[in-house]
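Trainee:
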């Protein structure tokens with residue numbers, strides 16, 4: 003089933019076209035990724051599809067029964083409610099149905115209703131219908147769904163009562179995503195959903211979207227994410243849309259193949275055109291060949307001339323250099339603790355050693371203190387305790403994910419020139435041109451720039467600094483896929499030392515020679531790239547599980563003898579109690595027998611009895627029998643007593 007069609011869609015901003023004759027189609031269960039440079043119109047297209055923005059011509063066709071869910075880039079959830087209460091608003095119809103079920107249950111329990119057979123049957127029928135509808139719509143599991151989504155987005159149970167108004171921007175963005183996922187629309191439209199997500203949450207979101215029942219239309223600059231999730235890619239380039247059936251890696255390969263094939267076809271046709279032109283020019287004036295020349299000319303006129311295939315759009319070009327090299331020991335931290343005054347430390351007693359030419363990725367969950375550590379190293383924050391030792395000839399260069407080092411009131415040109423006033427204007431303009439600021443672009447105010455443009459200005463300033471130790475906090479945020487690749491190549495060739503924080507797994511994998519994971523228990527070193535880190539971490543988890551299983555086995559083995567001893571003790575005590583009871587029974591029986599024998603022997607002395615032969619014989623028989631019983635009991639008593 004087709005959920006969405008864009009037919010010849012065009013959008014202009016003023017007189018300038020942004021999108022031209024866009025064709026796009028989304029079917030049930032499709033995972034469609036839209037890729038392209040910053041400013042290509044990706045977010046604009048999503049806003050048009052979601053009905054948030056008008057368009058100039060064309061059609062957006064969405065069947066009436068298809069539901070859409072749209073999450074704009076960096077959209078935070080604004081509410082005065084608690085997290086839990088806000089998530090419950092998604093299920094208002096179900097909550098109302100639940101209330102109606104309780105009302106029906108109360109009526110059905112009323113004795114008057116029970117005695118009225120007709121009324122009771124009608125209530126029972128209404129209850130069954132409502133109950134079935136409640137079940138089909140997920141009425142018995144919506145609270146579990148909320149907990150699942152919130153847990154996946156890194157909100158623990160204790161956070162559910164927190165007021166949303168007190169949360170950070172990143173947390174509000176995650177909640178907006180969570181609320182949208184709970185609505186489960188037929189078509190889920192996500193613009194940069196991976197922003198503000200740590201690696202663990204990113205992995206959870208990938209798995210969630212892979213098993214999502216509806217279709218997904220997504221814009222993202224996370225290459226791992228696109229490879230994992232997407233099945234169709236639309237590239238927006240030069241205001242046009244081109245479709246590729248496959249994930250992001252397939253798109254890159256197929257795009258290169260298409261360009262090579264189109265270039266060969268173009269060059270082949272140009273060769274044929276040149277031959278035809280040459281033949282016409284040489285043979286048109288000769289009477290013997292003029293007809294053939296005219297035929298060739300008609301062939302030229304009818305030919306559908308191919309345009310030269312356009313390669314990639316202009317890319318940024320830059321590299322990082324250093325003034326002089328550091329010593330081998332670049333930086334050492336000793337028992338370092340960091341955080342903010344009058345609050346609990348984010349981390350304590352960290353020991354980190356960084357050597358020359360290392361490229362270290364600092365990973366860890368959001369809120370663990372990664373950015374705080376970078377700010378302490380760059381002397382923007384004072385450590386709560388501990389020491390930092392800086393190596394010789396060290397010149398720090400810092401890239402801030404918040405772009406706090408940019409002056410919003412300045413023009414782009416003066417943002418660089420004011421810091422390097424001895425550099426000629428022409429050279430500053432050349433540098434900015436390498437970062438795609440050409441002509442009047444350099445006169446734009448920094449405050450008017452997009453996130454990607456501000457990132458390029460910050461990178462230009464960093465490049466001019468020529469620092470030998472780069473500290474980068476989320477350097478790929480706001481960069482399009484092409485700019486990320488340019489940055490990666492520049493940093494790979496960089497001769498200095500790098501410490502960086504990033505949630506871009508592809509970037510980490512290309513850049514890291516060492517991964518340092520920041521945990522609540524301290525730092526864990528992995529000497530390798532991101533793939534090595536994942537494999538080693540999984541290996542450690544499996545080793546830990548195996549160790550726990552072995553410990554459990556040993557414990558069971560240790561507990562087994564204890565259990566057997568306990569059972570033996572229990573059995574011994576039971577037998578001891580039986581023995582004691584038997585001894586008491588025997589003693590009682592002996593006493594009774596002795597008394598009985600004594601009475602019978604006394605009776606034999608009675609004149610009335612000993613003169614009666616029959617009675618004497620009977621008493622002697624009974625006495626003999628009892629004495630035998632007494633002997634047996636005395637023997638048993640002796641054995642038991644022993």
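Numbering (my numbering), first residue to last: 3 to 644. Backbone N, C-alpha and C define an ideal beta-carbon position, used for all residues, glycine too.
1) Note down, in chain order, each residue of its chain lying with its Cβ closer than 7 Å to the Cβ of residue 380, except the 5 sequence neighbours on either side.
2) I'd like the list of long-range same chain contacts for residue 41, defined as Cβ closer than 8 Å, with 5 residues on each side in sequence excluded.
3) Any contact between the region 498-505 and the region 346-366? By contact I mean 3 or more CB pairs, one from each, below 8 Å.
4) For residue 258 and residue 251, I'd like the C-alpha separation in whole angstroms.
5) Pull up the distance between the alpha-carbon of residue 674 and that of residue 386, whole angstroms please.
6) So residue 511 packs on residue 533, CB below 8 Å; how close in whole Å?
7) Fully enclosed by the region 268-327, which beta strand (DSSP E) runs are 3 residues long or longer?
8) Quick one: what does DSSP say residue 51 is sitting in, helix, strand or coil?
9) Starting from the N-terminal side, write out each stretch of the alpha helix (DSSP H) that is 4 residues or longer and does not extend beyond the region 584-622.
10) Considering residue 173, what are the terminal residues of the alpha helix (DSSP H) in which it resides?
11) With distances taken from CA atoms, which of 507, 579 and 640 is nearest residue 199?
12) Check whether the Cβ atoms of residue 75 and residue 194 lie closer than 9 Å to each other.
13) Grab me the residues of residue 185's own chain with a C-beta within less than 6 Å of its C-beta, minus the 5 sequence neighbours each way, in chain order.
14) Put residue 3 into one of helix, strand or coil per three-state DSSP.
15) Spatial neighbours of residue 107 within its chain, please: C-beta separation below 8 Å, excluding the five flanking residues on both sides.
16) Quick check for students: name the residue ranges of the beta strand (DSSP E) that lie wholly in the region 55-84, counting only runs of 3 or more.
17) So, is residue 232 buried or exposed, given that buried needs 16 or more other C-beta atoms within 10 angstroms?
18) Count the other C-beta atoms from every protein chain shown that fall within 10 angstroms of the C-beta of residue 414, then say buried if there are 16 or more, exposed otherwise.
19) Specify whether the region 80-88 and the region 162-174 touch according to this definition: at least 3 beta carbon pairs, one from each stretch, less than 8 Å apart.
20) Can you tell me which of 37, 485, 175 and 383 puts its alpha carbon nearest to the alpha carbon of residue 219?
21) Looking only at C-alpha atoms, which of 616, 584 and 602 sits nearest to residue 641?
22) Taking 9 Å as the cut-off, decide whether the C-beta atoms of residue 51 and residue 191 are in contact.
23) What distance in whole Å lies between the Cβ atoms of residue 197 and residue 175, which are believed to be in contact at a cut-off of 8 Å?
24) Measure the C-alpha to C-alpha separation of residue 404 and residue 132 and round it to an integer number of angstroms.
25) Determine, using beta-carbon pairs with one atom in the region 579-597 and one in the region 624-642, whether at least three such pairs fall under 8 Å.
26) Please report the straight-line C-alpha distance between residue 181 and residue 151, rounded to a whole angstrom.
27) Over the uninterrupted alpha helix (DSSP H) stretch that includes residue 230, give me the two end residues.
28) Assuming residue 483 and residue 225 form a contact by the criterion Cβ under 8 Å, report the distance between their Cβ atoms to the nearest whole angstrom.
29) To the nearest angstrom, how far is the alpha carbon of residue 606 from that of residue 629?
30) Restricting to Cα atoms, I'd like to know which of 444, 53, 96 and 423 is closest to residue 138.
31) Would the region 330-347 count as touching the region 436-443 if we require 3 or more Cβ pairs under 8 Å?
32) Look at the alpha carbon of residue 116 and the alpha carbon of residue 142, and state the distance between them as a whole number of angstroms.
33) With distances taken from CA atoms, which of 318, 325, 327 and 384 is nearest residue 347?
34) Tell me which residue opens and which closes the beta strand (DSSP E) that residue 247 is part of.
35) What residue from 303, 461, 254 and 90 has the CA that sits closest to residue 479's CA?
36) Please specify which runs of the alpha helix (DSSP H), each continuous and at least 4 residues long, are wholly inside the region 357-402, giving them in chain order.
Mentor: Let me lay it out:
1) Excluding sequence neighbours, residue 380 sits near 398, 400 and 473.
2) Residues of the same chain with a CB within less than 8 Å of the CB of residue 41, apart from the 5 flanking positions on each side, are 452 and 454 in chain order.
3) yes
4) 11 Å
5) The requested residue 674 is not part of the displayed model; the chain covers only 3 to 644.
6) Approximately 6 Å separates the beta-carbon atoms of residue 511 and residue 533; this is inside 8 Å, confirming the contact.
7) none
8) helix
9) 609-612
10) 171-185
11) The closest CA to that of residue 199, considering only 507, 579 and 640, is found on 507.
12) yes
13) Scanning its chain for C-beta atoms nearer than 6 Å, with the 5 sequence neighbours on each side dropped, one finds around residue 185 the residues 71 and 92, in chain order.
14) Residue 3: coil per DSSP, three-state reduction.
15) So the qualifying residues of the chain are 129.
16) Correct list: 59-63 and 70-73.
17) That one is buried.
18) Result: buried.
19) yes
20) Distance from the Cα of residue 219 is smallest, within the candidate group 37, 485, 175 and 383, for 37.
21) 584
22) yes
23) 7 Å
24) 52 Å
25) yes
26) 9 Å
27) 225-231 is the span of the alpha helix (DSSP H), which, as asked, contains residue 230.
28) Residue 225 and residue 483 do touch by the CB rule: their CB atoms are close to 7 Å apart, below 8 Å.
29) 16 Å
30) 96
31) no
32) 27 Å
33) Considering only alpha carbons, the answer is 384.
34) 242-247
35) 461
36) 372-379
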